[in-house]
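Worksheet: the structure to be examined is printed underneath.
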Amino acid sequence: MTELIKELMPQHVAIIMDGNGRWAKSRGVPRVAGHRAGMEAMKKIVDHSDKLGIKYLTVYAFSTENWKRSMEEVSGIFGLLVAFVKRDLKELIENNVRVEVLGDYSSIPEDARRSLQKTLDDTKADTGLQFNIALNYGARDEIRRSVEDIAAKVKAGQLEPEDVTEELIAEGLWTGKSHSYTPDPELIIRTSGEERLSNFLLWQGAYSEFVFTDVLWPDFTPEEYEKCIAEYQSRDRRFGGR
Ligand code: IPE
Ligand code: IPE
Ligand code: MG
3 MTELIKELMP QHVAIIMDGN GRWAKSRGVP RVAGHRAGME AMKKIVDHSD
53 KLGIKYLTVY AFSTENWKRS MEEVSGIFGL LVAFVKRDLK ELIENNVRVE
103 VLGDYSSIPE DARRSLQKTL DDTKADTGLQ FNIALNYGAR DEIRRSVEDI
153 AAKVKAGQLE PEDVTEELIA EGLWTGKSHS YTPDPELIIR TSGEERLSNF
203 LLWQGAYSEF VFTDVLWPDF TPEEYEKCIA EYQSRDRRFG GR
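Position 163 of the sequence shown, counting from 1, maps to 165 under my numbering, and the rest follow consecutively.
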């Protein structure tokens, strides 16, 4: 395995899990089979993050734009998610993993919503890896929501316009104090050769390092993951300083 520097381990890694469709196409199987293989890859990465001592793992599972896909594919993805949380809930609890959702999941199919809620409740007290599932997530939408909350407080006279700080805007995001309490990711990985954010963590990624790999998500292994982290560890992060 890759030589990693313990002191330089990122606290929070975020992943845009892309390429399930192309993986399926290359095998001549339905897209949903690609998503199923993607879930298996995801499970291994959750386990491996914990082993590496990473504290927060965020995965982009479904975007606010993914509703544009066919009904068949959308319900397939949510079905797999339910299967994942049901099958692996025990193991997540055994591994002390706390699951959080980033995004408004009130509008996802009922059975998926209920299974997720149970997972969140059952893992709430866990103190190990925090596993954030970005679901029905869109960065512009979350910034808009935070601003809406702030505007309501200003209107109610609870806040002055000059009290609107960066910290306050960040508090109202899904990663903020009012939700999942997640620090900004040091590293954002995207698989499948695409090099864009697709509306993921626009605010939180202001100073993240980006690592892009051509590997399609279902083929993404713990070895590949370590290579991405090693690449991150070789970067010189300057944050605007000299
Ligand atoms: C990522 O794989 C999973 C989701 C967006 C839900 P894709 O389904 O986007 O795979 P490609 O990009 O079509 O290969
Ligand atoms: C981003 O991938 C969303 C997820 C991985 C869940 P997409 O495949 O939806 O993004 P685009 O369409 O290539 O930008
Ligand atoms: Mg894609």
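C-beta: ideal position from N, C-alpha, C; glycine also.
Source: prediction; values computed, not measured.
- At a Cβ-Cβ threshold of 8 angstroms, residue 6 and residue 225 do not count as neighbours.
- Taking residue 4 as the centre and dropping the five residues before and after it, the same chain places the C-beta of 228, 229 and 232 closer than 6 angstroms to its C-beta, in chain order.
- The three-state reading of DSSP puts residue 22 in helix, counting H, G and I together.
- The beta strand (DSSP E) runs of length 3 or more contained entirely in the segment 123-193 are, from start to end of the chain, 132-139 and 189-192.
- Cβ neighbours of residue 152 within its own chain (closer than 8 angstroms, five residues either side excluded): 161, 166, 170, 171 and 174.
- Taking one beta carbon from each stretch, the segment 215-225 and the segment 40-49 have 3 or more pairs nearer than 8 angstroms; the two touch.
- A contact is defined here as three or more CB-CB pairs under 8 angstroms, and the segment 48-64 meets this definition with respect to the segment 7-16.
- Remark: the shortest separation between the CB of residue 23 and any heavy atom of ligand 3 falls under 7 angstroms.
- With respect to the 8 angstroms criterion, residue 91 and residue 124 are classified as neighbours on the basis of their beta carbons.
- Per the coordinates, the alpha-carbon of residue 145 lies some 16 angstroms from the alpha-carbon of residue 103.
- With a cut-off of 7 angstroms, the C-beta of residue 62 is classified as near ligand 2, since at least one heavy atom of the ligand falls inside that distance.
- The Cβ atoms of residue 203 and residue 190 lie closer than 8 angstroms to each other.
- Distances between the C-beta of residue 221 and the heavy atoms of ligand 3 are all 7 angstroms or more.
- About 6 angstroms separates the Cβ atoms of residue 113 and residue 84, confirming a contact at the 8 angstroms cut-off.
- Separation of residue 140 and residue 96 (C-alpha to C-alpha, rounded to the nearest whole angstrom) is 31 angstroms.
- Boundaries of the alpha helix (DSSP H) harbouring residue 43: 33-54, taken from the DSSP string.
- Collapsing the DSSP output to three states places residue 86 in a helix.
- Here the C-alpha atom of residue 134 lies approximately 17 angstroms from the C-alpha atom of residue 116.
- In this structure residue 119 is exposed. Its beta-carbon is surrounded by fewer than 16 other beta-carbon atoms within 10 angstroms.
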